[in-house]
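Going down the list, the sequences are from chains A and B. With the numbering used here as the guide, the letters of the first sequence map in order to residues 1 to 242. With the numbering used here as the guide, the letters of the second sequence map in order to residues 1 to 242.
Protein chains: 2
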Amino acid sequence: MSVVAPLRALLFDVFGTVVDWRGGVVREARSIATVDDSFDWGDLADRWRTEGYLVPIGEIVGGTRDYEDVEVLLGRTLARLVGEAGLRVATDDLERLAGAWRRLDPWPDAVRGLTRLKQRFVVGPLSNGSFALLTEMAKRAGLPWDCIISTELFGSYKPDPATYRGAVALLGLQPGEVILVAAHRGDLRAAAACGLRTAYVPRPLEWGPAGPSPEPPDAEVDVVAADFEELAERLEAGDPTP
Amino acid sequence: MSVVAPLRALLFDVFGTVVDWRGGVVREARSIATVDDSFDWGDLADRWRTEGYLVPIGEIVGGTRDYEDVEVLLGRTLARLVGEAGLRVATDDLERLAGAWRRLDPWPDAVRGLTRLKQRFVVGPLSNGSFALLTEMAKRAGLPWDCIISTELFGSYKPDPATYRGAVALLGLQPGEVILVAAHRGDLRAAAACGLRTAYVPRPLEWGPAGPSPEPPDAEVDVVAADFEELAERLEAGDPTP
Chain A
1 MSVVAPLRAL
11 LFDVFGTVVD
21 WRGGVVREAR
31 SIATVDDSFD
41 WGDLADRWRT
51 EGYLVPIGEI
61 VGGTRDYEDV
71 EVLLGRTLAR
81 LVGEAGLRVA
91 TDDLERLAGA
101 WRRLDPWPDA
111 VRGLTRLKQR
121 FVVGPLSNGS
131 FALLTEMAKR
141 AGLPWDCIIS
151 TELFGSYKPD
161 PATYRGAVAL
171 LGLQPGEVIL
181 VAAHRGDLRA
191 AAACGLRTAY
201 VPRPLEWGPA
211 GPSPEPPDAE
221 VDVVAADFEE
231 LAERLEAGDP
241 TP
Chain B
1 MSVVAPLRAL
11 LFDVFGTVVD
21 WRGGVVREAR
31 SIATVDDSFD
41 WGDLADRWRT
51 EGYLVPIGEI
61 VGGTRDYEDV
71 EVLLGRTLAR
81 LVGEAGLRVA
91 TDDLERLAGA
101 WRRLDPWPDA
111 VRGLTRLKQR
121 FVVGPLSNGS
131 FALLTEMAKR
141 AGLPWDCIIS
151 TELFGSYKPD
161 PATYRGAVAL
171 LGLQPGEVIL
181 VAAHRGDLRA
191 AAACGLRTAY
201 VPRPLEWGPA
211 GPSPEPPDAE
221 VDVVAADFEE
231 LAERLEAGDP
241 TP
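Pasting the structure below:
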């Protein structure tokens, strides 16, 4: 007889899963920086995300780079990318643009889905965004989190196992009582390795309309849903079942 | 010319300031434990708060006692007090009663006042309750926090200066941009010593109808308000002014 603990809490990856970082960065860039209309801000957003976030965080988790605040990493990379592109952006505007990650909009289903999921479960982010960034983003975007969990609280970044374990411990729960919701397989695999359940919500527009198709879900994923409203339906219907 | 930073965030003491711990403990005790109706649960609640919380936390902050989780401290003291009172309470019921601190009701003005304050400021607890306790309490009681800050995040308890400084740093703010709201002078004095602004909201019923009168406010307190709705009025009107 297997005994499976009931699901108590949902933790969400944020950048790409809850909010549209590419669309938000492009929108802010166009409103802040007065440059040639033909400039490809989408391409700059993609490089910013990759070179200012994904790569250095991977190096930090891999132990080949010292920990730094995510907004420090992003700010430094933005300055470099803008310089390399030969853009002339005032320092004040550059600082404002660096803060765009605090002002990203949620995917259209996110607030409705989270509001529904919050009726039955504890909902919170588990994000590499800083505590201040996530708090400010939630307030502006109306994300109805029960609490804010940033990997900053553990002095590390996902996919370090310490971040998943730390989040579960903060909630006073067992790993099997918590499900990680993410649009990224690597995040879900790392959570599963720590005993959390997993929900895959692909976001086909994360890298823009011309971006790559989402990866197919791993067979081990507990729930797959097209958006947060379908996720709420699935969880209310009893998925994941033992 | 003095330049005073605008107020950005309000941090709240919780036990006694936001929620009525005594009333909640007595209510839960009466519903859980089947003992003689004449038993004075209010007195037990007072002793539980003092001996299982105030005294050991003071010792931990003072450096004469090792850090332990607040619910471990409370649970151990409850078992002792129940034993000393000669009460026969089943182990399951004792465990349920120990969890009463997660199910305390807010003072009548608290949810309305916080909802109003949340329109203009970041609002969050800064409490010696654990992160899990504060998250569960907020969900049950409908406290509309923007984030949960427990002193657990800093491995210490108020009034350790590290807790006030740590909370301000997590929010990415300067101390002068944050106000601590509390019904307790010691808490406010410790926050002020770290550069935070302070708001005193006395709670005359914290220790029950026969309890001591609230302490008069220190002259240094920035704002005094009778409840959270008056606090919202005062802050919307521009208090504290430079």
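Just so you know, even glycine gets a beta-carbon here, dropped at the ideal spot from N, CA and C.
Taking buried to mean at least 16 other C-beta atoms within 10 Å of its own C-beta, is residue i buried or exposed?
| i | result |
| --- | --- |
| Asp245/B | This structure gives no information on residue 245/B, because the portion of chain B shown stretches from 1 to 242. |
| Asp69/B | exposed |
| Asp160/A | buried |
| Gly63/A | exposed |
| Pro212/B | exposed |
| Ala132/A | buried |
| Thr151/B | buried |
| Pro209/B | exposed |
| Asp222/B | buried |
| Thr50/A | exposed |
| Met1/A | The predicted position of Met1/A is uncertain, since its pLDDT is 39 and thus under 50; a value taken from the coordinates is nonetheless stated next. It counts as exposed. |
| Val61/B | buried |
| Arg140/A | exposed |
| Pro242/B | Unreliable placement is indicated for Pro242/B, whose pLDDT of 48 sits below 50; the coordinate value is still reported in the next sentence. By the neighbour-count rule (16 or more Cβ atoms within 10 Å), Pro242/B is not buried but exposed. |
If we cut at 9 Å on Cβ distances, does residue i have a partner in chain B?
| i | result |
| --- | --- |
| Phe12/A | no |
| Trp41/A | no |
| Gly124/A | yes |
| Lys139/A | yes |
| Leu134/A | yes |
| Glu95/A | no |
| Gly172/A | yes |
| Glu177/A | no |
| Ser2/A | Unreliable positioning characterises Ser2/A in this predicted model, as indicated by a pLDDT of 44, which lies under 50. The coordinate reading is nonetheless provided below. No - not a single Cβ of chain B is within 9 Å of the one on Ser2/A. |
| Leu153/A | yes |
| Ala232/A | no |
Could you give the first and the last residue of the continuous beta strand (DSSP E) run that contains residue i?
| i | result |
| --- | --- |
| Ala182/A | 178–182 |
| Phe12/B | 9–12 |
| Ala199/A | 197–200 |
Any beta carbon from chain A within less than 9 Å of residue i's own beta carbon?
| i | result |
| --- | --- |
| Asp146/B | yes |
| Val18/B | no |
| Phe15/B | no |
| Gly129/B | no |
| Leu7/B | no |
| Pro242/B | With a pLDDT of only 48 at Pro242/B, under 50, the local geometry of the prediction cannot be trusted, and no value is derived from it. |
Return the CA-CA distance between residue i and residue j, expressed in angstroms with no decimal places.
| i | j | result |
| --- | --- | --- |
| Leu11/B | Pro125/B | 5 Å |
| Pro175/A | Gly142/B | 26 Å |
| Ala225/B | Val201/B | 5 Å |
| Val89/B | Leu170/A | 30 Å |
| Ser31/B | Leu7/A | 27 Å |
| Arg22/A | Gly99/A | 14 Å |
| Ile149/A | Arg203/B | 31 Å |
| Ala199/A | Gly16/A | 14 Å |
| Asp13/A | Trp145/A | 13 Å |
| Gly52/B | Leu44/B | 11 Å |
| Thr135/A | Asn128/A | 13 Å |
| Thr115/A | Ala232/A | 10 Å |
| Asp187/A | Val55/A | 15 Å |
| Val26/A | Gly42/A | 6 Å |
| Gly195/A | Leu235/A | 18 Å |
| Ala9/B | Val122/B | 4 Å |
| Glu185/A | Glu229/A | For clarity, residue 185/A is Arg in the given sequence; the question names Glu instead. In a straight line, the C-alpha of Arg185/A is about 20 Å away from that of Glu229/A. |
| Glu71/B | Leu94/A | 47 Å |
| Ile57/A | Leu173/A | 27 Å |
| Leu104/A | Gly238/A | 32 Å |
| Gly155/B | Arg80/A | 38 Å |
| Ala138/B | Pro214/B | 25 Å |
| Trp101/A | Arg120/A | 29 Å |
| Ala162/B | Tyr164/A | 25 Å |
| Ile179/A | Gly113/A | 15 Å |
Can you tell me whether residue i sits near the ligand PLP, meaning its C-beta is under 8 Å from at least one heavy atom of the ligand?
| i | result |
| --- | --- |
| Ser31/A | The ligand PLP is absent from the structure shown, which contains no ligand whatsoever. |
Give the range of the alpha helix (DSSP H) segment to which residue i is assigned.
| i | result |
| --- | --- |
| Ala284/A | This structure cannot settle anything about residue 284/A, because the visible part of chain A is limited to 1 through 242. |
| Thr163/A | 161–170 |
| Ala232/B | 228–236 |
| Gly186/A | 185–193 |
| Leu44/A | 41–49 |
Mind listing, in chain order, the continuous beta strand (DSSP E) runs of no fewer than 3 residues lying wholly within the region 51–139 of chain B? 122–127
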